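Working notes, structure below.
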Amino acid sequence: MKKIVTKEDYVQSLKDQKVVIYYNGRPVEDRSAHPGFVPHINSAAKTYELALMPEYEDLMTARSHLTGKKISRFTHIHQSVGDLIKKVQMLRLISHETASCYQRCVGFDALNALYMTTYEIDEKHKTTYFQRFEAYLEKIQEENFMLVGGMTDPKGDRSKRPSEQADPDLFTRIVEKRTDGVVIRGAKAHQTGAVNSHEIMILPTQAMAAGDEAYAVVAAIPLDAPGITLIFGRQTNEERKVEASIDAGNVDFGMVGGEALVIFEDVFVPWERVFMCGEVDFCGTLVERFATLHRQNYGGCKGGIADIIVGAAALAARYQGTLNASHIKDKLVEMTHLAETVYSGSVACSALGSKTRSGAYYPDPLLANCTKHNITRHIYEISRLAHDVAGGILATLPFSRDLKHPEIGRHVEKYLKGIQGVSTETRMKVLRLLENMTGGTALVESMHGAGSPQSQRVMYQRLGKLPEKMRMAGKLAKINE
Amino acid sequence: MKTVALKYCGGCDCTYDRLAYAKRLLGAAEGRIRWVTLDDEGFDTILMIHGCPAACPEEKLDPCHPWRLVSVTDDSAVPEEIITKLTARGEK
Numbered sequence: 015m016k017k018i019v020t021k022e023d024y025v026q027s028l029k030d031q032k033v034v035i036y037y038n039g040r041p042v043e044d045r046s047a048h049p050g051f052v053p054h055i056n057s058a059a060k061t062y063e064l065a066l067m068p069e070y071e072d073l074m075t076a077r078s079h080l081t082g083k084k085i086s087r088f089t090h091i092h093q094s095v096g097d098l099i100k101k102v103q104m105l106r107l108i109s110h111e112t113a114s115c116y117q118r119c120v121g122f123d124a125l126n127a128l129y130m131t132t133y134e135i136d137e138k139h140k141t142t143y144f145q146r147f148e149a150y151l152e153k154i155q156e157e158n159f160m161l162v163g164g165m166t167d168p169k170g171d172r173s174k175r176p177s178e179q180a181d182p183d184l185f186t187r188i189v190e191k192r193t194d195g196v197v198i199r200g201a202k203a204h205q206t207g208a209v210n211s212h213e214i215m216i217l218p219t220q221a222m223a224a225g226d227e228a229y230a231v232v233a234a235i236p237l238d239a240p241g242i243t244l245i246f247g248r249q250t251n252e253e254r255k256v257e258a259s260i261d262a263g264n265v266d267f268g269m270v271g272g273e274a275l276v277i278f279e280d281v282f283v284p285w286e287r288v289f290m291c292g293e294v295d296f297c298g299t300l301v302e303r304f305a306t307l308h309r310q311n312y313g314g315c316k317g318g319i320a321d322i323i324v325g326a327a328a329l330a331a332r333y334q335g336t337l338n339a340s341h342i343k344d345k346l347v348e349m350t351h352l353a354e355t356v357y358s359g360s361v362a363c364s365a366l367g368s369k370t371r372s373g374a375y376y377p378d379p380l381l382a383n384c385t386k387h388n389i390t391r392h393i394y395e396i397s398r399l400a401h402d403v404a405g406g407i408l409a410t411l412p413f414s415r416d417l418k419h420p421e422i423g424r425h426v427e428k429y430l431k432g433i434q435g436v437s438t439e440t441r442m443k444v445l446r447l448l449e450n451m452t453g454g455t456a457l458v459e460s461m462h463g464a465g466s467p468q469s470q471r472v473m474y475q476r477l478g479k480l481p482e483k484m485r486m487a488g489k490l491a492k493i494n495e
Numbered sequence: 029m030k031t032v033a034l035k036y037c038g039g040c041d042c043t044y045d046r047l048a049y050a051k052r053l054l055g056a057a058e059g060r061i062r063w064v065t066l067d068d069e070g071f072d073t074i075l076m077i078h079g080c081p082a083a084c085p086e087e088k089l090d091p092c093h094p095w096r097l098v099s100v101t102d103d104s105a106v107p108e109e110i111i112t113k114l115t116a117r118g119e120k
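In order, the protein sequences belong to chains B and V.
Start counting the first sequence at 15; every next residue gets the next number (the numbering used here).
Start counting the second sequence at 29; every next residue gets the next number (the numbering used here).
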């Protein structure tokens, strides 16, 4: 693939790569220009744009440990605790620019999780995955294409293991091994950024056991490979993206990342793109690492998004004359407290990161899980407070067409006006931005993105050192039994 | 004309408008300073414009290198005073 440097390169590359995508029951001819996708493309494009700006390059770029070249940080393998912290700072920065999801962290985290894990698979099984993976890493660092981290399988009956499902395709699997590669069948659900990416890295969705070998597969697959079909997920108010009016709220960047169901109907993958094939003993490690690296992010990206929610709520209050009311100021303070709390979690798990045997650095897994778990609560609370500050008008605003209407527009202008000197349209714009960021799909993403809350609580049980805490308590209580 | 390398921090959560300040400073230094980047050569002085007192990029600089480093962490510094520091010779 031609190296992607600018936003224009990125958009052109999406146009050039023909991927089978369905949106609302229809095939998409040109994904680079589809109004349902353009806001998500703009968000991802910010990662390319900001990397070229001297005032942001310190976060947006890094030096490749393989080639010494300056690369996008989204293709970098963390070489220090400082790199882990910069990742979080970078995410907060981009959230300030987009107030949305820019999608590239998933592939970024897949690359880092695989770097550590393929190294250890090779140590134990004398395989050559790490060497293959380094070659792939060098390619993505050079070409700077966008990679989906494809983890979540549909999973069917959750009480059954992959090999016990009535339909064996409900977990993505190898259906054939050939001398030149493998054939993949199955699907990956909720794939963030898939419709505007170039490749997908499929990963096992959970720990596996003997008998599940066909499901223990990692492979990098171009999204235009024969047999791949993408079905875009419906989002809250997505028809407003097509209108491109102020009713969209975040007109340029949309809501969350744009998720798709990615289906693999007997897709061939050559061996040089396969990085795990049957090593069930490493599926749990890989999943845990990917999850930790991904949960590390959320105080950065959602912390940055929370900053915009705080700002929008304050503007909404100012426009209706309530900004100086003590209870409004207190709610804004509480929102700020929650935003900084989630951010501090991401910084903390990064600061306590450590070096893996591969040389790559890895965040503290307990603190990373704690960070994401706080997101499942605090973003809801921040949004609840924003709704409180904004008032019921947030849910009852008329259409922007009503405001522009030659006959009734004057009524909207007159009766929805707040303070003098601020137009009704300005007030509506900030209320629509708040609506976009604090409801529907945006909230659900905070709950389930990077794993549902229960998956973090399972990690607390594993990593929470309960026996050690019981021992310490027993010692202080002078219990001798 | 003095050659100075200009370096910004990453800008994760700035406490002031770095670009507006840099514009003022670069405007005031016009004709007296030639600006380059850290990737270039021929400079012995670096102006670091940080968004906050954490001053992250300074950690990456080689402490043994004889660069003269001038840091800005807020917009209270008068541009002319910064330019004087940048163009002065023989002082750290």
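No residue lacks a Cβ here, since even glycine has one placed at the ideal position from N, Cα and C.
Given the structure is predicted, the values throughout are model-derived calculations rather than measurements.
Opposing strand residues paired with residue i [DSSP bridges]
| i | result |
| --- | --- |
| V:A33 | V:V64 and V:I74 |
| B:C291 | B:V231 |
| B:G496 | This structure does not reach residue 496 of chain B, given that chain B is present from 15 up to 495, and the question cannot be answered. |
| V:K113 | Bridge partners of V:K113: none, in fact. |
| B:V281 | B:I198 |
| B:A76 | B:I85 |
| B:I514 | Because residue 514 of chain B is not part of the residues shown, which for chain B are 15 to 495, the question remains open. |
| B:P236 | B:E213 |
For residue j and residue i, the rounded distance between their alpha carbons
| i | j | result |
| --- | --- | --- |
| B:A124 | B:G359 | 21 angstroms |
| B:I433 | B:P481 | 60 angstroms |
| B:I260 | B:T141 | 55 angstroms |
| B:L275 | V:D72 | 55 angstroms |
| B:A230 | B:R187 | 7 angstroms |
| B:E69 | V:D41 | 12 angstroms |
| B:S86 | V:E86 | 20 angstroms |
| B:H462 | B:A203 | 12 angstroms |
| B:T206 | B:V270 | 9 angstroms |
| B:M486 | B:L477 | 16 angstroms |
| B:Q9 | B:R172 | No information on residue 9 of chain B is available, as it lies outside the stretch 15 to 495 that chain B covers here. |
| B:M15 | B:L107 | 28 angstroms |
| V:C84 | V:C37 | 7 angstroms |
| B:D167 | B:K255 | 28 angstroms |
| B:L408 | B:E253 | 18 angstroms |
| B:G50 | B:G164 | 21 angstroms |
| B:E111 | B:R471 | 32 angstroms |
| B:V34 | B:S27 | 15 angstroms |
| B:L11 | B:Q468 | Residue coverage of chain B in this structure runs from 15 to 495, which leaves residue 11 of chain B outside it and unanswerable. |
| B:A47 | V:V98 | 46 angstroms |
| B:V19 | V:L54 | 27 angstroms |
| B:F497 | B:N210 | Residue numbering for chain B in the displayed model covers 15 to 495; residue 497 of chain B lies beyond these limits and cannot be assessed. |
| B:D226 | B:G170 | 15 angstroms |
Residue i - DSSP class collapsed to helix/strand/coil
| i | result |
| --- | --- |
| B:Q205 | strand |
| B:A382 | helix |
| V:V98 | strand |
| V:Y44 | coil |
| B:A274 | strand |
| B:K191 | strand |
| V:P91 | coil |
| B:R175 | coil |
| B:I135 | helix |
| B:T440 | helix |
| V:K120 | Per-residue confidence for V:K120 stands at a pLDDT of 40, beneath the threshold of 50, marking its modelled position as unreliable; the derived number appears in the next sentence. Coil at V:K120, not helix or strand. |
| B:F267 | coil |
| B:S368 | strand |
| B:F246 | strand |
| B:Y429 | helix |
| B:Y24 | helix |
| B:I493 | coil |
| B:P377 | coil |
Contact belief for residue i with residue j at Cβ below 8 angstroms, rounded distance in angstroms
| i | j | result |
| --- | --- | --- |
| B:Y143 | B:A58 | Not confirmed; about 28 angstroms, so no contact. |
| V:G79 | V:R52 | Not really, about 16 angstroms apart at Cβ, beyond 8 angstroms. |
| B:A382 | B:C363 | 4 angstroms |
| B:P218 | B:V283 | That pair is no contact at about 15 angstroms. |
| V:I74 | V:Y49 | So it is not a contact: roughly 16 angstroms between Cβ atoms. |
| B:L128 | B:A326 | Wrong, their Cβ atoms sit about 38 angstroms apart, outside the cutoff. |
Closer than 8 angstroms: residue i CB and nearest the ligand ZN heavy atom
| i | result |
| --- | --- |
| B:G96 | Inclusion of the ligand ZN in the displayed structure is not the case, the ligand content being empty and no account of it being possible. |
*Check distances from the C-beta atoms of the segment 43-60 of chain V to those of chain B and list, in chain order, the residues that come in under 9 angstroms.*
Of all residues in the segment 43-60 of chain V, R46, L47 and A50 have a Cβ within less than 9 angstroms of some Cβ in chain B.
*Identify each residue in the segment 60-77 of chain V for which the Cβ-Cβ distance to at least one residue of chain B is less than 9 angstroms, and report them in chain order.*
The residues in question are T65, D67 and I77.
*For the segment 59-78 of chain B, enumerate the residues whose C-beta is nearer than 8 angstroms to any C-beta of chain V, in chain order.*
Those residues of the segment 59-78 of chain B placed with their C-beta closer than 8 angstroms to a C-beta in chain V are P68, E69, Y70, E71, D72, L73 and M74, ordered along the chain.
*Can you give me, in chain order, the residues of the segment 92-114 of chain B that have a beta carbon less than 9 angstroms from any beta carbon in chain A?*
The displayed structure is made up of protein chains B and V, and chain A is not among them.
*Anything in the segment 100-113 of chain V with a Cβ closer than 7 angstroms to a Cβ of chain B? List those residues in chain order, please.*
Within the segment 100-113 of chain V, no residue has a Cβ lying closer than 7 angstroms to any Cβ of chain B.
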